[in-house]
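Residue numbering for the sequence shown follows the working numbering, starting at -9 and increasing by one per position. Ideal Cβ positions, reconstructed from N, Cα and C, are used throughout, including at glycine. All of these numbers come straight from a predicted model, not from anything done at the bench. Quick notes on the structure that follows.
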Amino acid sequence: YPHEHHGVRIHHNLIENTGWDGMQVGVSPIDCNVWANTIRDVGIGGVEYQQQGMQIGGGSSCEIWANRLDRGPTNGIFILEAADTIVHDNLIVDFAGTGIYANDNNKPEFAGSRYVFVHNTVLRSGHWGIAIFGPQLAGNLGWNNLVLESGDGDIAPGGDVDWDAQGNITGVAIADLGFVDPDAGDFHLQESAQAVGAGVPAGDWSSQDRDGVDRDPAAPDVGAYEYTTEPPPPEPPDDDTGGSTDGGSTDGGNDDVGEDDLGAGDGDSSGCACNQGGDSALASSLALLLLLLGGLFLKPRAAADPR
-9 YPHEHHGVRI HHNLIENTGW DGMQVGVSPI DCNVWANTIR DVGIGGVEYQ
41 QQGMQIGGGS SCEIWANRLD RGPTNGIFIL EAADTIVHDN LIVDFAGTGI
91 YANDNNKPEF AGSRYVFVHN TVLRSGHWGI AIFGPQLAGN LGWNNLVLES
141 GDGDIAPGGD VDWDAQGNIT GVAIADLGFV DPDAGDFHLQ ESAQAVGAGV
191 PAGDWSSQDR DGVDRDPAAP DVGAYEYTTE PPPPEPPDDD TGGSTDGGST
241 DGGNDDVGED DLGAGDGDSS GCACNQGGDS ALASSLALLL LLLGGLFLKP
291 RAAADPR
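Take a look at the structure:
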């Protein structure tokens, strides 16, 4: 791998209309945090292996939470050849592949690593909702995930994976779950929703929902949102046709947390979306991507589908 990144902080960004992946995080094995980003309409350049919503790999060990990912031709969150990884309180909608896909590719350096998926809402995935593969992984768990209308199965752990599943809701039609306004993309919960109070205690992984609402420690709601009567914070506008023509940073808290200063690199085969042509919207999105991810990692390889 190239040089390591420590203390990575990527948060409160709007990333849309990307030619390649929405985001790649690689070679970040220590103190890696990715939260509160909005990523949508990715991989429009049609480049094979460069069409993920968010890719975590290259030996990284990250906590990924409170992100929203909408619409892409392959996978939403794609975890490949990563160490311990925690994915919680994310909303992932309308990816043609798998909503959350994790695979250590049987690399010996990741033996004993743990993948944790808690309080995610994953909707309308073309393949699986959540899938995990790697017989040498240990202590993996999927708790309180709301995974609906997946093409080939809502939650699909490999048969040889160490896997603990509790409190998940699957197999329910989106229209019947009790979302506020799913047709408009509002997947907050109504008071009468099936997910309200249906989770198992998971405070070690998630004490607040995607909006920062405190969870009921004894009976949390399943999925990314906890029911509340308070109005939710605003999302970046989304017209479902690609959004605005630039990918700027949205307003948000936690400004006291430092950014990881990564310099932009030249285009090569490293997997970085560099030197890509296209219109101004694509150029703007790629410029933001380079700011976040310059100098990143080896070109992604296709994960062998164990099924």
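How big is the Cα-Cα spacing for residue i and residue j?
i	j	result
residue -2	residue 222	27 Å
residue 58	residue 144	18 Å
residue 133	residue 219	25 Å
residue 193	residue 213	14 Å
residue 155	residue 131	6 Å
residue 157	residue 41	31 Å
residue 72	residue 181	38 Å
Could you tell me whether any non-hydrogen atom of the ligand ATP is closer than 8 Å to the CB of residue i?
i	result
residue -1	In terms of ligand content, the structure shown is empty, and the ligand ATP therefore cannot be addressed.
Run through DSSP, which three-state label would residue i get?
i	result
residue 174	helix
residue 165	helix
residue 99	helix
residue 134	coil
residue 114	coil
residue 222	coil
residue 8	coil
residue 212	coil
residue 88	coil
residue 153	strand
What whole-angstrom Cβ distance do residue i and residue j have, given they're in contact under 8 Å?
i	j	result
residue 119	residue 108	At roughly 14 Å, the Cβ-Cβ gap does not stay under 8 Å, so residue 119 and residue 108 are not in contact.
residue 35	residue 9	3 Å
residue 211	residue 189	6 Å
residue 64	residue 33	6 Å
Among the options, which has the Cα closest to the Cα of residue i?
i	options	result
residue 299	190, 217, 188, 208	Here the chain comprises residues numbered -9 to 297, so residue 299 is not present and cannot be evaluated.
residue 200	188, 62, 178, 209	178
residue 1	-6, 15, 103	15
residue 23	54, 226, 167	54
residue 4	164, -6, 29	29
residue 165	129, -8, 183	183
residue 215	128, 187, -4, 48	187
residue 67	103, 140, 87, 205	87
residue 153	127, 27, 185, 79	127
Taking CB distances under 9 Å as the criterion, tell me whether residue i reaches chain C.
i	result
residue 136	No chain C appears in this structure, which consists of one protein chain only.
Ordered list of beta strand (DSSP E) runs contained in the segment 26 to 64, each at least 3 residues: 28 to 30, 44 to 47, 52 to 55, 58 to 62
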